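Just so we're aligned, residue 1 is where the sequence shown starts under the UniProt record's numbering, counting upward by one.
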Amino acid sequence: MPTGRTFHVLINPCRDMPAEAVKVHGHTNEILADKPVFGAVVRDFLDFIGSDTKLVAHNAMFDLGFINHELVLCGQPKIRESRIVDTLAIARKKFPGSRQTLDVLCNRFGIDLSRRVKHGALLDAELLADVYVELMGGRQRGMELKVETETLIAEVAVRPRRDWPERHFEIPPVERERHAAFVAKLPNAIWARYLEPDRQTISSDMS
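1. According to DSSP, is E170 helix, strand or coil?
2. Rounding to the nearest angstrom, what Cα-Cα distance links M143 and C14 in this structure?
3. Can you give me the C-alpha to C-alpha distance between I111 and R176, rounded to a whole angstrom?
4. Which residue comes first and which comes last in the alpha helix (DSSP H) that contains I67?
5. Mapping DSSP to helix, strand and coil, what is I90?
6. Work out the CA separation of F62 and K35 for me, nearest whole Å.
7. May I ask you to report which of helix, strand or coil DSSP gives I84?
8. Since D86 and L102 are thought to touch, with beta carbons under 8 Å apart, how far apart are those beta carbons, to the nearest angstrom?
9. Would you please state the rounded distance, in angstroms, between the beta carbons of M17 and H27? I believe it to be under 8 Å.
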């Protein structure tokens, strides 16, 4: 269940932001100039993620490398890989052979992407939370299955029986002769013992 808790802060990278990166997330040098450095918020960040909770991320090892580098520079221990749940790895196992970007997975699960104009960390985290739930089977999956099963059982229980009349299908003599000739060529044809040469119809009771 969503907790409603978020941790979102822009960080001054202490370097010029590459133009290609600005195209992705929209954060220019001017926007980041007065933002805190990582060391100024590292304690709040570590308090938020805790010491043993699982951390869900898409292509997690890419982000973890950057975060652990900054943690070491601040004299903090690295985040253990055992805490990481990588939705990219889960998606590749669940849907092998196809692209597994966040956009692709959102479209696959019908998750609204209309707000995603740029690559924003907070919005991406919210979208990924929905994707993760779907990868794990969907919201209230057990409850939905129970309702569907009970409805199906109820429909079967009240559906009246229909008695169908016996139907007869006439087989032309030429077709019977062709079939008999075909069966005669098969060694030890098990159904040959059931054929009745003098019967010209096949009956089926569909009740």
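Here a beta-carbon is modelled for each residue, glycine too, at the ideal position from N, C-alpha and C.
Note that the coordinates shown come from a computational prediction; the quantities given were computed from them, not determined experimentally.
Inspection of the coordinates gives the following:
1. Counted from its first residue, the sequence shown places residue 170 at position 170. In the three-state reduction of the DSSP assignment, E170 falls in the strand class.
2. For the purposes of this step, residue 143 is taken as residue 143 along the sequence shown, with counting starting at 1. For the purposes of this step, residue 14 is taken as residue 14 along the sequence shown, with counting starting at 1. For M143, the predicted structure reports a pLDDT of 44, less than 50, and the residue's modelled location is therefore unreliable. A value from the coordinates is still provided. Whole-angstrom Cα-Cα distance: 50 Å.
3. Here residue 111 corresponds to residue number 111 of the sequence shown, with the count starting at 1. Here residue 176 corresponds to residue number 176 of the sequence shown, with the count starting at 1. Cα to Cα, I111 sits roughly 59 Å from R176.
4. Looking up residue 67 in the sequence shown gives position 67. Counting along the chain, I67 sits inside the alpha helix (DSSP H) bounded by residues A60 to L73.
5. Residue numbering aside, residue 90 sits at position 90 when the sequence shown is read from its first letter. Residue state, collapsed to three classes: helix.
6. What you label residue 35 is simply residue 35 of the sequence shown in a count that begins at 1. What you label residue 62 is simply residue 62 of the sequence shown in a count that begins at 1. Those two C-alpha atoms are separated by around 23 Å.
7. Translated into positions along the sequence shown, residue 84 becomes position 84. DSSP places I84 within a strand segment (E or B) once states are collapsed to three.
8. As a first step, residue 86 must be located in the sequence shown, where it is residue number 86. As a first step, residue 102 must be located in the sequence shown, where it is residue number 102. Contact between D86 and L102 is ruled out by a C-beta separation of about 13 Å, above the 8 Å threshold.
9. Taking the sequence shown and counting its residues from 1, one reaches residue 17 at position 17. Taking the sequence shown and counting its residues from 1, one reaches residue 27 at position 27. Indeed, because the Cβ distance is near 6 Å, the residues count as touching under 8 Å.
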